[in-house]
Amino acid sequence: MSRIRATAVGAVTASLALAATACGGGSSTGGGSNDSPKTLTYWASNQGASIQVDKKVLQPELDKFEKKTGIKVKLEVVPWSDLLNRIMAATTSGQGPDVLNIGNTWSASLQATGALLPWDAKQFDKIGGKDRFVSSALGSAGPEGKDPAAVPLYSMSYALYYNKKMFKDAGISKPPTTWDEVVADGKKISKNGKWGLGAEGSNLSNNIHQIFVMAKQRGADWFTADGKPDFTSDGAVAAVKQYVDLMAKDKIIAPGNAEYAQNQSLSDFSKGKTAMVLWQAAASTFKSQGMSEDDYGVVPAPVQSGAPGTGNQVNSMVAGINIAVFKNTKNADGATKFVKFMTSDEESKLLNKTYGSIPPVKAAQNDPAFESATTGVLKDTLAKSAAPLPQVAEESQFETAVGTAVKELFADAANGKAVTTESVKAALTKAQQSMPNK
Amino acid sequence: MTTTAPSPAPAGEGRAVGKNSPGSASGKSRRPGRIRRIGLPYLLLLPALVLELLVHLVPMVMGVVMSFRELTQFFIRDWTSAPWAGLDNFKVAVDFDAPVGQALLHSFFVTCLFTVLSVGLCWAIGTAAAVFMQETFKGRGILRALFLIPYALPVYAAVITWVFMFQHDNGLINHVLHDQLGVTDKPSFWLIGDNSFYALLTVSVWKGWPFAFLIVMAGLQNIPKEMYEAASLDGAGLWQQLRRITLPSLRPVNQVLVLVLFLWTFNDFNTPYVMFGKAAPEAADIISVHIYQSSFVTWNFGTGSAMSVLLLLFLLVVTGVYLALTSRGRKTSDV
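Heads up: the sequence lines are chains A and B, in that order.
Numbering of the first sequence is given in this note's numbering, commencing with residue 1 and proceeding in unit increments.
Numbering of the second sequence is given in this note's numbering, commencing with residue 1 and proceeding in unit increments.
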């Protein structure tokens with residue numbers, strides 16, 4: 001009996017202590033401290049084929065960093081599906097990692113929370129200055145006129161991957177450069193269970209990436225200059241209709257793609273079920289699925305007419321991963337050193353080579369590894385014809401609202417319901433109205 | 001804390017004495033012993049109370065406070081600094097002429113229909129199976145164990161398997177319905193579009209009926225066999241026995257069972273979320289995922305909290321009315 005009582009007392013004390021610590025958290029302001037200069041926590045986004053692969057790639061680099069600076073980095077690789085929620089939870093509680101990866105399209109949204117350390121000129125000087133980075137990559141690190149909330153780490157862009165044999169079998173001599181050619185070639189291929197183009201109709205982000213470019217090609221943006229949603233302009237409606245019509249009217253995308261969200265379109269491509277796919281840096285995935293590099297070709301993503309370039313000739317969003325420092329860090333100096341290390345010429349080359357992405361660091365881009373047939377196209381696109389997604393605080397809401405509208409329209413197309421200018425406009429109007437009022 | 005403060009010292013002392021001479025400990029001082037005896041249950045309850053406070057009550061109160069604030073990503077770092085919104089969040093949630101309110105209302109109706117069908121089917125299948133399993137036959141034990149598998153499986157693994165089966169191109173469901181039986185003239189979509197409602201309902205019933213089966217089976221154990229014997233002597237058939245003995249005797253069990261199933265199904269988040277992700281098809285836009293999306297995906301925590309508060313009020317009212325009606329019914333039938 002007395003032992004039970006003692007245990008009870010222990011339990012009560014423990015639960016009260018728990019209550020005290022839970023209440024005592026509070027939120028601190030300011031730009032981090034140097035209270036624990038010997039350790040860092042790093043949340044890396046899942047870049048490779050699996051979390052294990054990422055750990056294998058990154059751990060030797062972290063060991064290198066520890067040898068150099070004496071700072072131990074604790075690594076956690078976070079899957080994409082969890083990353084944003086984890087960052088939000090860390091922001092709310094103030095208990096996050098010291099250094100973290102963010103998707104570059106979230107830059108402005110996360111900057112608005114004030115949880116990330118701003119990179120002003122002085123902070124940038126500590127890692128070698130702003131000029132070391134490619135300007136399009138910096139453009140996706142936050143709104144113009146504001147200090148970026150993150151530094152570009154891996155850059156990517158979209159390209160058109162095509163199956164050489166399927167093209168040859170259909171009697172097509174060269175890959176398409178415009179949407180009209182994509183449709184024409186796609187129609188030649190789409191028969192007997194084979195399809196022209198692959199899509200990920202239920203993947204909201206992917207939907208956004210495609211229709212962002214198609215709207216740009218019509219001179220339409222999704223937000224006005226002062227940051228208000230503008231989802232129903234003629235250009236935006238036409239862009240969404242054009243994309244969904246690839247399934248609904250042109251019938252070069254298999255209806256089943258409407259429910260794809262887990263990169264199934266890449267498997268279909270590897271298996272020779274679809275002849276084309278628009279993707280960012282897909283080479284390593286194709287390789288892991290048993291496809292040889294000689295089996296497919298990579299060309300710039302299509303434009304409406306002519307050749308890719310700036311303005312209406314844009315053919316990709318600026319895709320990529322940024323590295324950021326959590327404002328509440330207990331090792332601000334160490335975190336900055338770590339960002340400097342990860343974005344150094346040498347590391348930038350090494351990591352981007354491994355992941356098949358393009359270094360956002362100018363000096364690293366000159367490495368011959370990024371001149372190959374696959375990555376050369378991605379690099380050129382980034383330099384000449386890619387545009388960053390709208391750098392507004394509501395970007396993540398835009399991805400959900402409009403991405404879902406496109407998903408529903410694909411569902412209509414797959415089920416044989418008509419997709420008209422009116423139905424597209426109605427879906428986009430609804431999406432715009434669901435955006436938070438400013 | 002003041003009431004429990006004196007306890008630790010005597011407790012420690014008592015243990016020391018008790019170790020040496022167990023008999024003398026209680027006889028030494030009767031009063032503190034009694035206080036200890038009276039205080040002990042409360043002391044033992046305290047950790048649970050504190051945790052309950054932390055895990056349920058504090059977040060609930062925080063949620064209510066948040067529903068009155070304009071809480072977006074600009075303020076989540078320090079949510080107490082979010083501007084006061086008064087009733088604005090609630091107005092947005094129930095403005096059925098605007099898209100946010102319309103979507104919430106749509107989601108509410110979808111959830112009501114889904115809940116009624118799912119609970120009804122779970123109950124019917126569970127009861128039928130439990131009554132059927134009353135008879136002893138060869139292999140009953142194995143069958144009973146098989147019935148409980150859906151209840152025992154981890155939700156995520158089970159639902160993701162269903163997702164594979166529902167896939168348009170390679171799914172088992174289309175393979176059976178279209179390729180083998182020829183019931184449909186072309187493969188159907190189950191995870192997008194209107195059919196998603198039936199897909200969700202199927203998984204929900206599959207997952208929920210074993211619980212009904214388990215509870216009803218336990219309830220059946222309490223019905224005296226003599227009642228059935230007497231009834232059959234009086235010439236009552238199986239159907240009459242079911243209507244006159246089984247169902248009325250199960251009434252108290254069913255009262256709780258239906259309520260629990262209702263609350264679980266209405267609030268079920270895991271099944272729709274694993275099946276459809278953060279953007280559910282309109283036909284299967286269950287309210288828990290809808291609120292999650294309003295709060296965590298569009299980062300409009302204020303409106304999301306207001307919706308949660310409204311949902312809580314609705315469920316409280318429904319539960320209250322249900323309990324009042326069923327217990328009144330029981331009292332009159334008892335009389």
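The C-beta atom is built at its ideal place from N, Cα and C for all residues, glycine as well.
Everything numeric in this text was worked out from a predicted model, so none of it was measured.
*Shorter than 9 Å from the beta carbon of D353/B to some beta carbon of chain A?*
Only positions 1 to 335 of chain B appear in the structure, and residue 353/B is not among them; the question remains open.
*asked:* Could you check whether the Cβ of I173/B sits closer than 9 Å to any Cβ belonging to chain A?
replied: no
*In the DSSP assignment, find the beta strand (DSSP E) that holds V325/A and state where it starts and stops.*
A319 to V325
*Mind pulling the chain A residues with CB within less than 8 Å of G304/B?*
Result: empty, since nearest Cβ-Cβ is about 11 Å, beyond 8 Å.
*Taking the alpha-carbon positions, what's the T404/A to A280/B distance?*
9 Å
*Rounded Cβ spacing between A159/A and W195/A (contact assumed at less than 8 Å)*: Not really, about 19 Å apart at Cβ, beyond 8 Å.
*Between D169/B and G256/A, is the Cβ-Cβ spacing less than 9 Å?*
yes
*Quick one: grab the DSSP three-state call for G126/B.*
helix
_Quick check on S21/B: buried or exposed, where buried means 16 or more other Cβ atoms within 10 Å of its Cβ?_
Confidence in S21/B is poor, its pLDDT being 42 and thus under 50, which makes the residue's placement too unreliable to answer from.
*alpha helix (DSSP H) runs wholly inside the region 284-320 of chain B, at least 4 long, in chain order*: 287-292
*asked:* Considering Cα atoms alone, identify which of V78/A, G94/A, V99/A and S81/A is closest to L40/A.
replied: V99/A
_Amino acids of chain A, ordered along the chain, whose beta-carbon sits closer than 7 Å to that of I192/B_ = S202, A258, E259, A411 and A414
_Spatial distance of N312/A from I287/B (CA atoms)_ = 41 Å
*With a cut-off of 9 Å, does the C-beta of A393/A fall near any C-beta of chain B?*
yes
*Less than 8 Å between the CB atoms is what I'm expecting for K191/A and I172/A, so what's the real figure, rounded?*
Not really, about 14 Å apart at Cβ, beyond 8 Å.
*Tell me the DSSP bridge mates of T375/A?*
For T375/A, which the question treats as bridged, DSSP gives no partner whatsoever.
*asked:* Counting only beta-carbon separations shorter than 9 Å, does A85/B have a partner in chain A?
replied: no
*Exposed or buried, K74/A, counting other C-beta atoms within 10 Å across all chains shown (16 or more means buried)?*
exposed
_For N104/A and K67/A, what's the separation of their Cα atoms in angstroms?_
30 Å
_Would L104/B and S308/B be called neighbours here (beta carbons separated by less than 9 Å)?_
no
*Counting only beta-carbon atoms, is I76/B nearer than 9 Å to chain A?*
yes
*Reduced DSSP category for I223/B - H, G, I as helix; E, B as strand; rest coil*: coil
*Do A112/A and Q73/B have their C-beta atoms within less than 9 Å of each other?*
yes
*Cα-Cα separation between L49/B and R37/B, rounded to whole angstroms*: 19 Å
*What are the start and end residues of the alpha helix (DSSP H) that includes L261/B?*
L247 to N267
*asked:* If we define contact as Cβ-Cβ less than 9 Å, is W79/B a contact residue for chain A?
replied: yes
*Is it the case that the Cβ atoms of T343/A and P152/A are separated by a distance below 9 Å?*
yes
*asked:* What does the alpha-carbon distance come out to for the pair P302/A and Q242/A?
replied: 13 Å
*Sheet register partners of R69/B (DSSP bridge)*: W84/B
*Taking the runs of the beta strand (DSSP E) that are 3 residues or longer, which of them lie wholly in the region 332-376 of chain A?*
none
*Helix, strand or coil at Q280/A [DSSP, three-state]*: strand
*Relative to the C-alpha of G120/B, which residue among M275/B, H290/B, S204/B and T184/B is closest?*
S204/B
*Determine the contact status of L250/B and Y151/B, defining contact as a CB-CB distance below 9 Å.*
no
*Stretch-stretch touch, CB-based, cutoff 8 Å, three pairs: the region 377-397 of chain A with the region 132-139 of chain A*: yes
*Could you work out which residues of chain A lie near N300/B, taking near to mean beta carbons separated by less than 7 Å?*
P436
*asked:* At a CB distance below 9 Å, what residues from the region 115-149 of chain B approach chain A? Give them in sequence order.
replied: none
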